[in-house]
Amino acid sequence: MAFTSIVVPAFNAEKTLADTLCSLQRQTCTDFEVLVVNDGSSDKTAAIAAGFCGDPRFHVIHQKNRGLAGARNTGIARAKGDLVAFCDADDMWEPEKLACHRCHLAASPTVGISYAGSALISEDGALTGQAQRPRLHNVDAGHIFKRNPVGNGSAAVIRRAVFDEIAFRPRSETERDWYFDETFRQSEDIECWLRIALTTSWAFEGIPGLLTRYRINSGGLSAATDRQLAAWERMVSKLSRISPKFFAEETVVARAYQLRYLNRRAISDLDRRRAVHLARAWLACARRPLWEEPLKSGATLAATALLAISGPKPLRKAMKLAARTTRPEAMS
Numbered sequence: 042m043a044f045t046s047i048v049v050p051a052f053n054a055e056k057t058l059a060d061t062l063c064s065l066q067r068q069t070c071t072d073f074e075v076l077v078v079n080d081g082s083s084d085k086t087a088a089i090a091a092g093f094c095g096d097p098r099f100h101v102i103h104q105k106n107r108g109l110a111g112a113r114n115t116g117i118a119r120a121k122g123d124l125v126a127f128c129d130a131d132d133m134w135e136p137e138k139l140a141c142h143r144c145h146l147a148a149s150p151t152v153g154i155s156y157a158g159s160a161l162i163s164e165d166g167a168l169t170g171q172a173q174r175p176r177l178h179n180v181d182a183g184h185i186f187k188r189n190p191v192g193n194g195s196a197a198v199i200r201r202a203v204f205d206e207i208a209f210r211p212r213s214e215t216e217r218d219w220y221f222d223e224t225f226r227q228s229e230d231i232e233c234w235l236r237i238a239l240t241t242s243w244a245f246e247g248i249p250g251l252l253t254r255y256r257i258n259s260g261g262l263s264a265a266t267d268r269q270l271a272a273w274e275r276m277v278s279k280l281s282r283i284s285p286k287f288f289a290e291e292t293v294v295a296r297a298y299q300l301r302y303l304n305r306r307a308i309s310d311l312d313r314r315r316a317v318h319l320a321r322a323w324l325a326c327a328r329r330p331l332w333e334e335p336l337k338s339g340a341t342l343a344a345t346a347l348l349a350i351s352g353p354k355p356l357r358k359a360m361k362l363a364a365r366t367t368r369p370e371a372m373s
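42 is the number of the first residue of the sequence shown in this note's numbering; add one for each residue after it.
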């Protein structure tokens, strides 16, 4: 099986980094390296990462802060593996995750990006009862643009050959190539996935299971939905030069899905004003999400209405009830 490099971008991650690295240490597949990229942290991140270096598979790279995309690019540049994976410093992997993806890629030579679903966890690491259950097969650029089946930055295991094919180097860069666009501080994942889909022949394909634990930070996004949407729009503007016809046909509906996603995050943060605003915005943009994904769209609108009419208290109770009734499976 191919050797794997797991890149862990870490910026001021002292609260969660140890749990992240322990989950990688517990992988049933043991032939890998972990590259922790300390992205200019000012807390105990560097010391916590160094504490794992008694395991010869673990290495720490220090750099001035370059953001998430910059930390990933540094990790890719230093990676020795034929496969490159990512686990953000506040997320965790299930023990069988790496083994499952390696088997998938070994059996599927045309697949360049392997991914799986994710269970959502709260800031304290408890399962919330929610999950990302993405489309697994027959994924094209349109699916990636509208729904980003990869889901989050800790879900994908990718062939190094894919990154070699999309590498570029801006004039201002003197040290290494870029794979993720470092001018993006949000939407850097979808920009990279969509660029791969539009410019290479590598396939995206998922495997069953919730193999990542993806942490949701309360208050982390809805306060910044304007910036998130602006980054998404800048991604569209940038990539439209690659495939004008694709974006002319797909952007309106994809924008509705993006607004619906931000609507759901505003609901999670119990931000009534933003949730109502975003619900109106995606409905005004396009109605196709209503019949393409009626259950998720209906649930989004119902939760928005509950939040708007009754305030955050009933919705908070419902979210806590969902978390209590979800059995917290131990990481082993």
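We put the CB at the ideal spot given by N, CA and C, even for glycine.
Let me know the secondary structure DSSP gives W243 once reduced to three states.
coil
Would you be able to state if there are at least three C-beta pairs under 8 Å between the stretch 266-275 and the stretch 225-238?
yes
From the DSSP output, which residues share a beta bridge with G158?
L251
Here's the rule I'm using: 16 or more other beta-carbon atoms within 10 Å means buried, otherwise exposed. How should Q104 be labelled?
exposed
On a CA-only basis, which of G108, C326, T71 and E55 is nearest D84? Give me that one, please.
E55
Go through its chain and collect everything with a Cβ distance to A307's Cβ below 7 Å, but skip five positions before and after it.
S263, T266, R315, A316 and L319
Identify the continuous beta strand (DSSP E) that holds V48 and give its terminal residues.
T45 to A51
For I185, report the span of its alpha helix (DSSP H) as first-last.
A182 to R188
Mapping DSSP to helix, strand and coil, what is V191?
coil
Distance, P330 Cα to T169 Cα
25 Å
Flag this pair as touching only if the stretch 293-313 and the stretch 340-351 have three or more C-beta atom pairs under 8 Å; answer yes or no.
yes
Compare the C-alpha of S155 against each of Q173, H178 and D165 and name the closest.
H178
Beta-carbon within less than 6 Å of E137's beta-carbon, same chain only, minus the 5 sequence neighbours each way: which residues are those?
T69
Below 8 Å, can you find three or more Cβ-Cβ pairs linking the stretch 207-219 to the stretch 134-149?
no
When the Cα of A322 is compared with those of W332, A202 and L300, which residue comes out closest?
L300
Determine the DSSP secondary structure at A54, reduced to helix, strand or coil.
coil
Taking all protein chains shown into account, decide if I283 is buried (16 or more other Cβ within 10 angstroms of its Cβ) or exposed.
exposed
Limits of the unbroken alpha helix (DSSP H) element including G81:
Element bounds for G81: n/a, residue is neither H nor E.
Per DSSP, cross-strand counterpart(s) of L124
T45 and R200
So what's H103 in DSSP terms, helix, strand or just coil?
strand
Using DSSP with H/G/I as helix, E/B as strand and the rest coil, what is R98?
coil
Which whole-angstrom value describes the C-beta separation of F73 and F93, a residue pair presumed to lie in contact below a C-beta threshold of 8 Å?
Not quite, the Cβ-Cβ distance comes to about 13 Å (not below 8 Å), so this is no contact.
Which class does R256 belong to by DSSP, given the choice of helix, strand or coil?
strand
Measuring straight from C-alpha to C-alpha, what distance separates T367 and R256?
Note that T367 has pLDDT 47, beneath the 50 cutoff, so the model's placement of it is unreliable and the number below is only indicative. C-alpha separation (whole angstroms): 16 Å.
Report yes if the C-beta distance between A87 and V101 is below 8 Å; otherwise report no.
yes
Residues in its own chain within less than 7 Å of V294 by CB, not counting five upstream and five downstream?
K187, A327 and R329
Helix, strand or coil for G339, going by three-state DSSP, please let me know.
helix
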